[in-house]
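Below is one structure, written out as structure tokens; the observations come after it.
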């Protein structure tokens, strides 16, 4: 790719970007949210068209006007958001758009054989006919990869493939990538996880504000250098230092015997003012289900939740908000935001009552003032409060979700994967914000699949396995090995 | 940014010019009859029924739902109100009020029943309101014996055919309904929640929105709008008939909503848009009648215009959101 440029109304997304990918190579593409990685890859995949620049494959200049063109040229794209048909099974999803036919009829048997062969070749194990909607995120990810590879892709783009995977699944993915590389494929690997790059990448290209800042081989590029190149400034401490919980701090959240079978069973724990309790565990262990039950998103079968010593009766999310709980969901786009609404409308959605005047009409000017204040306080990068949330980058969307909950007077904050798919700069801002919440006496429960995050941002850690709390760690006793052992059930 | 605004302005200007030229030609062809104020008031009166139905439908469609029962609900509420009026020993304003309230209650109840399976079992509103269409149609025949029920008290006729400051009563109703609905949708919490529900129901629920209540209310509003139209027809014809409202009313109300820029996918739309959608369709029919366009051809033209309006709106949205 040479001299690629792309502008959107009001934004210059890419400026003279050039990129080379060799066969048998893994090129890591890193940069903060909004740096232009996704746009660049969408251009390569034919989902968007560049304003300037050229793309050549094997030395021949090519025109990629549509995803179909890209596919024909051997470019396979694995997006961060999956493009599976939820009602179809793994095999059908893999063959989607390439179904073998006999005459006018689908050749079901050939389709099954071909898709099964792909899975076998890749060493992927999963239920082959269960609808994709009932598979885990990791399994859906594997289907996406198989789908791309079934089309004999030689250039494979992976956008944050490990964001939703557990460590064991990541190892399997890396082994797969190594085999693809050995087979001569070129892979562009987008990730926010610095620690995995040395394991997988040959070279690293850093994008910042729509331009290539630097490209170096992995050996010459220390993680600290990469981060410096990404943010344009050195970023020393990743996690802020948490103050210890005051000895006399009162219990804010007290959960007793919470069950919702079969997902969670007899969950009992408490969180004090100024304390973060981290929930560690594998995907599907029941961590998200625990916070959902506390927040009234699902109704528990049994158990009680007390806030500041007051028994609550939470049957709906509305009840939990009234009780002083804020629930920051893991899935921003599906559960956290109304994408077609403006930044202002999203920020005020959960607390509209604050903006209603005596005639029961919403005061838009007061709404706007509150939204502007939040935009400033949280450094949300948006042209203004009337921008549609759909047009913001992931990190900025997450800040809008946070702004929505900061408008209220919540005592308990439930964070589910608070920094998933967010760049380093935005992560640091969100950690700082959590610290501020603690200083104001809030209690925080945090679910995270990133072990360093759980270890670095929790006062106590609860390891969850099969819907139960299997072990509790203090900051001192929590070593990566011990937590992983507890979460996976391996003997430590 | 300024380039976009300029272009948009240009675009709308072009549209306005085209419509103006079209109106001028029609007016000339109809010997000045078209742009005659008397004729325009007639058009307003003609669109008021479908516009009021469309207002109720707009709420439902913004939540990504649909209400197919409104046409036959006009018939049922009309019949119920005619029977109520004939069986009451009241007179004057009291009679009118009680009759109207009876109709509104029936409309609201039908809307509530429409919403019940949608809210409780997550059934598609297409099915539940389609079932309601059949039920209300059947009931309106049962309650009327299959014949129009003549209303004895002349006060209704006076209302239905009367005018205030030169504006026919249905037009006044339309203006009031449009004004109230517009404020409700754009300025209240309920209105905001309607949009949020249509845009992302789960996000709305997790933000504490009582989604079941909001959803139920939009169908109740739609049912009550149908009852208002049932009342206006009943008053105008001095009878409640099981045949009123069951022809093109449902589809033309939906057409007004869609032409007015409300998205069938939910999350987007406006009451004023629906008003202008109804107005456009009404003017078109009127113009074609004045220049003696064959009535079969009128349907073809209407279909083409609906499609064109929606395509134009979509192109405009894409242009604005081009990314």
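Protein chains in written order, with our numbering: chain A, 24 to 515; chain B, 2 to 324. Quick reminder that beta carbons are idealized off the backbone N, C-alpha and C, glycines included. Since we're looking at a predicted model, the values are computed, not measured.
{"Check": "Please report how far the alpha carbon of residue 214(B) lies from the alpha carbon of residue 221(B), in whole angstroms.", "Outcome": "10 Å"}
{"Check": "According to DSSP, is residue 65(A) part of a helix, a strand, or is it coil?", "Outcome": "helix"}
{"Check": "Is there contact between the segment 229-249 of chain B and the segment 73-82 of chain B, where contact requires at least three CB pairs shorter than 8 Å?", "Outcome": "yes"}
{"Check": "Closer than 8 Å by C-beta to residue 511(A): which residues in its own chain qualify, once you throw out the five before and the five after it? Chain order, please.", "Outcome": "191, 305 and 488"}
{"Check": "Cβ of residue 259(A) less than 8 Å from any chain B Cβ?", "Outcome": "Because residue 259(A) carries a pLDDT of 43, less than 50, the predicted location of this residue cannot be relied on, and the following value inherits that uncertainty. Cβ-Cβ to chain B under 8 Å: no for residue 259(A)."}
{"Check": "Could you say which of 426(A), 46(A), 138(A) and 160(A) lies nearest to residue 351(A) if we only look at CA atoms?", "Outcome": "426(A)"}
{"Check": "Distance check for residue 420(A) and residue 90(A), CA to CA, integer angstroms please.", "Outcome": "27 Å"}
{"Check": "Suppose you measure from the CA of residue 289(B) to the CA of residue 178(B); what does that come to, to the nearest Å?", "Outcome": "28 Å"}
{"Check": "In whole angstroms, give me the CA-to-CA distance for residue 199(B) and residue 341(A).", "Outcome": "18 Å"}
{"Check": "Tell me whether the beta-carbon of residue 98(A) lies closer than 8 Å to the beta-carbon of residue 67(A).", "Outcome": "yes"}
{"Check": "For residue 311(B), which residues of its own chain have a beta-carbon under 8 Å away from its beta-carbon, when the five flanking residues on both sides are left out?", "Outcome": "259 and 260"}
{"Check": "Using the Cβ count rule (16 or more neighbours within 10 Å means buried), how would you classify residue 36(B)?", "Outcome": "exposed"}
{"Check": "Between the alpha carbons of residue 286(B) and residue 219(B), how many angstroms are there, rounded?", "Outcome": "30 Å"}
{"Check": "In the segment 333-354 of chain A, which residues sit with their C-beta less than 9 Å from some C-beta in chain B, listed in chain order?", "Outcome": "339, 340, 341, 342, 343, 344, 345, 350, 352 and 354"}
{"Check": "Rounded to the nearest angstrom, what separates residue 44(B) and residue 282(B) at their Cα positions?", "Outcome": "10 Å"}
{"Check": "Between the segment 448-462 of chain A and the segment 492-502 of chain A, do three or more beta carbon pairs fall short of 8 Å?", "Outcome": "no"}
{"Check": "For the beta strand (DSSP E) that contains residue 48(A), what are its first and last residues?", "Outcome": "48-53"}
{"Check": "Looking at the structure shown, is residue 47(B) part of a helix, part of a strand, or coil, going by DSSP?", "Outcome": "helix"}
{"Check": "List in chain order: all unbroken alpha helix (DSSP H) runs of 4+ residues lying wholly within the segment 142-190 of chain A.", "Outcome": "160-173"}
{"Check": "Would you say residue 30(B) lies against chain A (beta-carbon separation less than 8 Å)?", "Outcome": "no"}
{"Check": "Interface residues of chain B around residue 427(A) at Cβ under 8 Å?", "Outcome": "208"}
{"Check": "Going by alpha carbons, who is nearest to residue 107(B) out of 225(B), 122(B) and 132(B)?", "Outcome": "225(B)"}
{"Check": "For the alpha helix (DSSP H) containing residue 112(B), list its first residue and its last residue.", "Outcome": "93-122"}
{"Check": "By how many angstroms is the C-alpha of residue 110(B) removed from the C-alpha of residue 330(A)?", "Outcome": "40 Å"}
{"Check": "Return no unless some Cβ of chain A is closer than 8 Å to the Cβ of residue 46(B).", "Outcome": "no"}
{"Check": "Of the residues 412(A), 466(A) and 105(A), which one's Cα is nearest the Cα of residue 359(A)?", "Outcome": "412(A)"}
{"Check": "So, does the CB of residue 279(B) fall closer than 8 Å to a CB anywhere in chain A?", "Outcome": "no"}
{"Check": "For the segment 139-220 of chain B, list the alpha helix (DSSP H) runs that are entirely contained and at least 4 residues long, ordered along the chain.", "Outcome": "156-162, 170-188, 190-200 and 202-207"}
{"Check": "Compare the Cα-Cα distances from residue 155(A) to each of 107(A), 399(A) and 172(A) and report the closest residue.", "Outcome": "107(A)"}
{"Check": "Which residue from 456(A), 494(A) and 491(A) puts its Cα closest to that of residue 480(A)?", "Outcome": "456(A)"}
{"Check": "Which whole-angstrom value describes the C-beta separation of residue 238(A) and residue 250(A), a residue pair presumed to lie in contact below a C-beta threshold of 8 Å?", "Outcome": "Contact doesn't hold; Cβ gap of about 16 Å is too wide."}
{"Check": "What number of angstroms, rounded off, separates the C-alpha of residue 259(A) from the C-alpha of residue 382(A)?", "Outcome": "Residue placement at residue 259(A) cannot be trusted, given a pLDDT of 43 that sits under 50; what the coordinates show is reported in the next sentence. Straight-line Cα distance between these residues: approximately 52 Å."}
{"Check": "Short of 8 Å Cβ to Cβ, which residues in the segment 305-335 of chain A face chain B?", "Outcome": "318 and 320"}
{"Check": "So the beta strand (DSSP E) residue 258(B) belongs to, where does it begin and stop?", "Outcome": "Where residue 258(B) is concerned, there is no enclosing beta strand (DSSP E), although the alpha helix (DSSP H) it sits in stretches over 250-260."}
{"Check": "Could you pull out every residue in the same chain whose Cβ sits closer than 7 Å to the Cβ of residue 284(A), ignoring the five residues on either side in sequence?", "Outcome": "324"}
{"Check": "Run down chain B in chain order and give the residues with a C-beta less than 8 Å from the C-beta of residue 368(A).", "Outcome": "193, 196 and 197"}
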